[in-house]
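In what follows, a single structure is set out as structure tokens and then discussed.
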Amino acid sequence: MSTTSNILVVGIGGQGVMTATEILAEAAIALGHDAKKTEVAGMAQRGGVVSSHLRFGPKVQSPQIAPGEADVLLAFEAAEALRWRHMLRPGAIALANNSRLVPPVVELGLFDYPEDPIAAIRAAGTDVVAFDATSIALELGEIRLGNTVMLGAIADHLPFPADDLLACVLRRFQRKGEKLVELNRRAFEAGRAAVSDAASAA
Amino acid sequence: MAAVMPAPAASRLFLSGNEAVARAVWEAGTRVAAAYPGTPATEMLEVLSTYPDIYAEWSVNEKVSLEVAIGAAYAGSRAFCCMKHVGMNVASDALMTLTLTGVVGGLVIAIADDVGLSSSQNEQDSRFWGRFAHVPVFEPADSQEAYAMTLAAYELSEQFQVPVILRMTTRINHVKGLVVVGERASRAGAGFKKDPARFVMVPGNAGRRIPLMFKRDGELRSAAEQSPLNYIVAGSDRRVGFITSGPAFEHVREAFPEAPVLKLGFSCPLPFDKCRELAALVEQVVVVEEVEPLVETELKARGIAVVGKEILPLQGELSPNVLKPAIARLLGEPVPDIPPAPAKVFPRPPTMCVACPHLGVYYTLSQVRNLNISGDIGCYTLGAGHPWQAMDTCVSMGASMGIALGMDKGRGESDKDKRIVAVIGDSTFLHMGMQGLLDMVYNKANVTVLLLDNRAVGMTGGQDNPGNGRDIYGEDAPRVDFAKLCAALGVKQERIHTVNPYELPVLFKTVRDEVKVPDVSVIITDQPCVLIKDYHKLKPYEVHDDKCTGCGNCLDVGCPAIHVTRRGKQTKASGREVDLAFVRIESSVCTGCGLCLQPCAPDAIQHYVPVSPIKLMTKGGCAV
Chain A
1 MSTTSNILVV GIGGQGVMTA TEILAEAAIA LGHDAKKTEV AGMAQRGGVV SSHLRFGPKV
61 QSPQIAPGEA DVLLAFEAAE ALRWRHMLRP GAIALANNSR LVPPVVELGL FDYPEDPIAA
121 IRAAGTDVVA FDATSIALEL GEIRLGNTVM LGAIADHLPF PADDLLACVL RRFQRKGEKL
181 VELNRRAFEA GRAAVSDAAS AA
Chain B
203 MAAVMPAPAA SRLFLSGNEA VARAVWEAGT RVAAAYPGTP ATEMLEVLST YPDIYAEWSV
263 NEKVSLEVAI GAAYAGSRAF CCMKHVGMNV ASDALMTLTL TGVVGGLVIA IADDVGLSSS
323 QNEQDSRFWG RFAHVPVFEP ADSQEAYAMT LAAYELSEQF QVPVILRMTT RINHVKGLVV
383 VGERASRAGA GFKKDPARFV MVPGNAGRRI PLMFKRDGEL RSAAEQSPLN YIVAGSDRRV
443 GFITSGPAFE HVREAFPEAP VLKLGFSCPL PFDKCRELAA LVEQVVVVEE VEPLVETELK
503 ARGIAVVGKE ILPLQGELSP NVLKPAIARL LGEPVPDIPP APAKVFPRPP TMCVACPHLG
563 VYYTLSQVRN LNISGDIGCY TLGAGHPWQA MDTCVSMGAS MGIALGMDKG RGESDKDKRI
623 VAVIGDSTFL HMGMQGLLDM VYNKANVTVL LLDNRAVGMT GGQDNPGNGR DIYGEDAPRV
683 DFAKLCAALG VKQERIHTVN PYELPVLFKT VRDEVKVPDV SVIITDQPCV LIKDYHKLKP
743 YEVHDDKCTG CGNCLDVGCP AIHVTRRGKQ TKASGREVDL AFVRIESSVC TGCGLCLQPC
803 APDAIQHYVP VSPIKLMTKG GCAV
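Going down the list, the protein sequences come from chains A and B. Numbering-wise (our numbering), the first sequence opens with residue 1 and increments by one. Numbering-wise (our numbering), the second sequence opens with residue 203 and increments by one.
Written as structure tokens, this is what we have:
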């Protein structure tokens, strides 16, 4: 099934994982692909693990990506990148926001947060690019831009041009005014740059 | 939800199974739709409430929602009702007699099975209801089919005057795919025509309807044999042929693209001849069905040789990854490589929200000794987890009441001094808890009930209910007064208390006093869910590091905005060594509920003073 692209987006409930995947799906559909999107989300609205699968191509059957078959992993949180690393096919890349969200079970001392999740991914033999999407968003003045930063981060790792994805992102903000469109354009480009800078530094 | 302009016919939309069903229900000219929220079914009614020219309602429970739909169908209008799998357990009393009267206007019942238990207390197979109630079952495999089968279900429903079950699973309800939509056909209600022999199910009348039901079974089976929803996909690899339905069909096609497959869309009554037709094409037949071996058992009983749950799991979702090794073993082929194992990472169970009013309740319950706590279903089920561990049972909607009564009456020697507490949310109480409370009062229980009124069905996304004074459209609706309701059920006035769960000393004293009273008490907590518009944010707090002593008391509240910055150890005067945890508050998400500062001895938690003008994420518009 090499003609089907498998994009895995992971994070924590409330971070905007599903919205990001939705926009990726819109971009794929606009280019004429068949697409299916499915989530594995925990029972509460917030705080649990969320993994969103997007598959697109000429014709998609099963909506789920099998372990070892994801073409790219976009992680909104460092430990979540490590949790889902095994889903990548050999040679595929992980793109990870390296900011940490520590859950109450760790705060209570019941479990440990991995010392360096990004290093653990590398040690497992997976190519990973880490960047701080949260800080980038805050520098642009609005933490909610983090979602667009993440989409910018994956933009050069898709089987279609980054501009097609950017157009889909900006379309969402068109009705909310030129200022927000411009901010999101900057957030998108900042995400792209963060990945290419981190990749060339590594 | 406010009505929006529906997308025009022939649009190609990216829809979830739930959105696709809602669109088809609307296009079918359905006039009445009712449901109680339940994952993964909730969005069907939410979306329907945005369409024009259809009456939608949140009902108090699934049984009432089905009865509303039945009434509309008797009146000759097309009707719709949907629920999660366990909802049909509640509604089944109506279903089992509805099958005898049948319907006039088409009636489709969508049941969403939570295969894989993403958000449920059990995993059950709703296809059983088709067999049990002698009604047809359709099983879509993706969004486009969910749409098309809903339209087909209305036609079948009216052709045979029978309700039709649309069996969905999480992997249909919540998966998005492309759907081409059509026009709405407007339909007037035919009007209710009195026909006691058909609609008044007393024994004599019902007895005369039963043979008609069996006759209909035969006719439906013939219809299933002819139905275009059941078809064979040709394949060149004839070693194994598959009989499958629902999402399992997609997995089979993905895993074995060359194998012949019988796809069952109209799966009950089972089209035996169609199954034989597939069997004749292949060396052996494997039935691939999620959860129970229903098709498999029926085929074996008919003498059709198939393999099924001997090689496939009875629990959880199927996937190409599950199917490929099972079939390889069956064929005596080398089993494909096991996919890489996931890294060991801490679990991240769902948490209660920052400032959730339930935090105060569970902090309090965790501090009161000698309790057996009978719990219920909602966000507050999370109270069973860390750090509170303040819920001891959870079974079904409203069960906290009856189980508490039974724990009281059935006390063993070891719990003769235990206090029995029941915890239930507002919507669950109205769903099926009220009757249990009445039973407790009537039978003179010694139970303290905590009724957590957060004015929303929180777990499923904050839907409105009779407890918050708004209907599905967000319009004003009569609001139930819980204190008066409990009094009307017979709870003594002096045993009913309404408490603000953010005022820990008051809540603690009320709980401690009431559990000592050998009677039925009800403590109502009255603060709204933090995710609904009734909630108002306050100024956030921060921890003054120089004052924090690392006692960790604030962590026992369980708010996810509190984080440990460093740990330490201290030796007390008694020589006992204690662990220290110094904390900070994530002020950008803190909404100033003030729970954590109440157990803080050194007053280390104070209002946040921003050092730079970072814009905080606020929805309610708090001043910072």
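By construction, the Cβ of each residue, glycine as well, lies at the ideal position given by its N, Cα and C atoms. Quick caveat: nothing in here was measured; it's all calculated off a predicted structure.
Runs of alpha helix (DSSP H) with 4 or more residues, each lying fully within the stretch 2-73 of chain A, are found at 17-30, listed in chain order. Close CB contacts of B:Arg613 within its chain, under the 8 Å cut and outside five residues either way in sequence, are with Lys620 (chain order). Taking 8 Å as the upper bound for CB-CB distance, B:Ala224 and B:Ser267 are not in contact here, some 15 Å apart. The beta carbon of A:Arg175 sits closer than 8 Å to none of the beta carbons in its chain outside the five residues before and after it. Bounds of the beta strand (DSSP E) holding B:Ile626 are Arg621 to Gly627. Annotated three-state conformation of B:Glu259 is strand, per DSSP. In the DSSP assignment, B:Asn645 falls outside any beta strand (DSSP E) and carries neither an H nor an E.
With respect to the 8 Å criterion, B:Gly304 and B:Ala392 are not classified as neighbours on the basis of their beta carbons. Chain B places no beta carbon closer than 8 Å to that of A:Pro161, leaving this residue out of the contacts. By the C-beta criterion, the stretch 89-96 of chain A is judged not to be in contact with the stretch 105-114 of chain A, since fewer than 3 inter-stretch pairs fall below 8 Å. Residues of the stretch 675-695 of chain B with a C-beta atom less than 7 Å from some C-beta of chain A do not occur.
Boundaries of the alpha helix (DSSP H) harbouring B:Phe330: Arg329 to Ala335, taken from the DSSP string.
DSSP, reduced to helix, strand and coil, places B:Gly273 within a helical segment of the structure shown. Per the C-alpha coordinates, the member of B:Phe340, B:Ala481 and B:Glu427 positioned closest to B:Arg440 is B:Ala481. Counting of Cβ neighbours within 10 angstroms places A:Ala201 among the exposed residues, the total staying below 16. Under the rule that a run must span 3 or more residues, the beta strand (DSSP E) segments found entirely inside the stretch 692-752 of chain B read 698-701, 722-727 and 743-745. Taking 8 Å as the CB threshold, A:Gly13 lines the interface with chain B. Per DSSP, the unbroken beta strand (DSSP E) holding B:His809 starts and ends at Ile807 to His809.
Nearest CB-CB separation between B:Ala314 and chain A: not below the 8 Å threshold. With contact defined as three or more Cβ pairs closer than 8 Å, the stretch 273-288 of chain B and the stretch 484-495 of chain B are not in contact. Here the alpha carbons of B:Leu496 and B:Val310 stand approximately 22 Å from one another.
Shown in chain order are the members of the stretch 433-464 of chain B whose Cβ falls below 7 Å from a Cβ of chain A: Glu452, His453, Arg455 and Glu456. Bridge partners of B:Thr371 according to DSSP: B:Asp315. Sequence-distant Cβ neighbours of B:Ala258 in its own chain, meaning closer than 7 Å and more than five residues away, are Ala235, Leu247, Leu250, Ser251 and Ile674.
The alpha-carbon separation between B:Val651 and B:Leu632 amounts to approximately 14 Å. Close CB contacts of B:Leu516 within its chain, under the 8 Å cut and outside five residues either way in sequence, are with Val493, Glu494 and Pro495 (chain order). Contact annotation: in the stretch 101-115 of chain A, residues whose CB is within less than 8 Å of a CB in chain B are Val102, Pro103, Pro104, Val105, Val106, Glu107, Leu108, Gly109, Leu110, Phe111, Asp112, Tyr113 and Pro114. Under the DSSP assignment, B:Lys378 falls in the beta strand (DSSP E) whose first and last residues are Lys378 to Val382.
Shown here, B:Cys558 sits in coil according to DSSP, grouped into three states, outside any helix or strand. Separation of A:Arg89 and B:Lys465 (C-alpha to C-alpha, rounded to the nearest whole angstrom) is 31 Å.
Distance from the Cα of B:Gly638 is smallest, within the candidate group B:Ala436, B:Asp578, B:Pro430 and B:Arg681, for B:Asp578. CA-CA distance, B:Trp260 to B:Thr595, rounds to 27 Å. Shown here, B:Glu485 sits in coil according to DSSP, grouped into three states, outside any helix or strand. If you check each beta-carbon in the stretch 553-578 of chain B against every beta-carbon of chain A, the ones closer than 8 Å belong to Thr553, Met554 and Cys555. Taking a beta-carbon distance threshold of 8 Å, A:Asp34 counts as an interface residue toward chain B. If you draw a straight line from the Cα of B:Gly318 to the Cα of B:Ala209, it comes to about 33 Å.
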